[in-house]
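Those protein sequences? They're chains W and Y, same order as listed.
Under the numbering used here, the first residue of the first sequence is numbered 30, with each subsequent residue one higher.
Under the numbering used here, the first residue of the second sequence is numbered 3, with each subsequent residue one higher.
A virtual CB, placed ideally from N, CA and C, is assigned to each residue, including glycine.
Source: prediction; values computed, not measured.
Step one of this worksheet: look at the structure below.
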Amino acid sequence: SQKIEQNSEALNIQEGKTATLTCNYTNYSPAYLQWYRQDPGRGPVFLLLIRENEKEKRKERLKVTFDTTLKQSLFHITASQPADSATYLCALSTGGGNKLTFGTGTQLKVEL
Amino acid sequence: DTAVSQTPKYLVTQMGNDKSIKCEQNLGHDTMYWYKQDSKKFLKIMFSYNNKELIINETVPNRFSPKSPDKAHLNLHINSLELGDSAVYFCASSQAGKNWAGNTIYFGEGSWLTVV
Chain W
30 SQKIEQNSEA
40 LNIQEGKTAT
50 LTCNYTNYSP
60 AYLQWYRQDP
70 GRGPVFLLLI
80 RENEKEKRKE
90 RLKVTFDTTL
100 KQSLFHITAS
110 QPADSATYLC
120 ALSTGGGNKL
130 TFGTGTQLKV
140 EL
Chain Y
3 DTAVSQTPKY
13 LVTQMGNDKS
23 IKCEQNLGHD
33 TMYWYKQDSK
43 KFLKIMFSYN
53 NKELIINETV
63 PNRFSPKSPD
73 KAHLNLHINS
83 LELGDSAVYF
93 CASSQAGKNW
103 AGNTIYFGEG
113 SWLTVV
């Protein structure tokens, strides 16, 4: 069966450290993978997109890797801040019409 | 200006009622979506319209009927509401063509539906 799994438990890290979130998928061959951030009571907000032929993408303190052999994406936030606390969702392009299938999400908490 | 706006934000209703959620986007996008987020925060696509044409229709009960009067609007009507319909419903849009992939999706703030 098709699955998209993210860190199942909440991730707590100290301010200033690097947070690493994992997205693993099975039985998909996505051409694109996206990461979104969702704050409580709000809609998801786009962060980064990476294509299947790209190994790594960066945007300010964010870095995404995409390994199509391992079927895994890693999402890194360097020099994390309490304001980075949120739920992070990975999403795979799984069909036409820009169909995105979302992972289960990882709740990140950055502590002082 | 809100890019994707949906109303109402909160809706509490009794089982068996019929309700609608309205959505409008001012981004000039061609594609709009309805997603459902359940109590475990799992976000799942329900429907997608491209220029008023239905292009994604996931396995959703017939009680859910989307309607797109124009490409800037996508409404969701739900008949005979059940307890299990309680969830957050997100409207979204993207600059995607019918067969495109990899476009950013812009989400609304969500409509919290509680069926009692």
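Buried or exposed by the 16-neighbour rule on C-beta atoms within 10 Å, applied to W/Glu38: Sequence index remark: in the first sequence, residue 38 of chain W carries index 9 (1-based). The residue in question, W/Glu38, is exposed, as its Cβ has fewer than 16 Cβ neighbours within 10 Å.
Inter-residue spacing [alpha-carbon to alpha-carbon] between W/Glu140 and W/Pro111: Locating residue 140 of chain W in the first sequence gives position 111, where the first residue counts as 1. Locating residue 111 of chain W in the first sequence gives position 82, where the first residue counts as 1. Whole-angstrom Cα-Cα distance: 6 Å.
Straight-line Cα distance separating W/Thr49 from W/His105: What you label residue 105 of chain W is simply residue 76 of the first sequence in a count that begins at 1. What you label residue 49 of chain W is simply residue 20 of the first sequence in a count that begins at 1. Using only the alpha carbons, I get a separation of about 5 Å.
N-terminal and C-terminal residue of the beta strand (DSSP E) that Y/Lys21 is part of: The count along the second sequence starts at 1 and reaches residue 21 of chain Y at position 19. Segment 21 to 27, the beta strand (DSSP E) holding Y/Lys21.
Rounded C-alpha distance that separates Y/Gln27 from Y/Ser113: Counted from its first residue, the second sequence places residue 27 of chain Y at position 25. Counted from its first residue, the second sequence places residue 113 of chain Y at position 111. The alpha-carbon atoms of Y/Gln27 and Y/Ser113 are separated by roughly 15 Å.
W/Gly72 and Y/Lys43 closer than 9 Å at C-beta: Along the first sequence, one-based indexing puts residue 72 of chain W at 43. Along the second sequence, one-based indexing puts residue 43 of chain Y at 41. No; because the gap between Cβ atoms is not below 9 Å, this pair is not in contact.
Three-way DSSP call (helix, strand, coil) for W/Asp68 in this model: Your numbering for residue 68 of chain W matches position 39 in the first sequence. Judged by DSSP in its simplified three-state form, W/Asp68 adopts coil rather than helix or strand.
Cβ neighbours of W/Thr55 in the same chain (closer than 7 Å, five flanking residues each side left out): To locate residue 55 of chain W, count along the first sequence from 1; it is residue 26. Here the set comprises Gln31, Lys32, Lys100.
Distance, W/Glu85 Cα to W/Thr116 Cα: Here residue 116 of chain W is taken as the residue at index 87 of the first sequence, counted from 1. Here residue 85 of chain W is taken as the residue at index 56 of the first sequence, counted from 1. Looking at the two C-alpha atoms, the distance is approximately 21 Å.
Pair within 9 Å by beta-carbon distance, W/Gln150 and W/Leu129: The question about residue 150 of chain W has no answer here: the residues shown for chain W are numbered 30 through 141.
Contact list for W/Phe75 against chain B, beta-carbon separation under 8 Å: In the displayed structure, chain B is absent; the protein chains listed are W and Y.
Closer than 8 Å at the beta carbon, the chain Y residues around W/Ser122: As a position in the first sequence, residue 122 of chain W is number 93, starting the count at 1. Ordered by position in chain Y, the residues that pass the 8 Å Cβ test against W/Ser122 are Ala103, Gly104.
Spatial distance of Y/Ser67 from Y/Phe49 (CA atoms): Numbered from its first residue, the second sequence carries residue 67 of chain Y at position 65. Numbered from its first residue, the second sequence carries residue 49 of chain Y at position 47. Distance from the CA atom of Y/Ser67 to the CA atom of Y/Phe49, rounded to whole angstroms, is 9 Å.
Minimum Cβ-Cβ distance from W/Arg90 to chain Y less than 9 Å: What you label residue 90 of chain W is simply residue 61 of the first sequence in a count that begins at 1. The beta carbon of W/Arg90 sits no closer than 9 Å to any beta carbon of chain Y.
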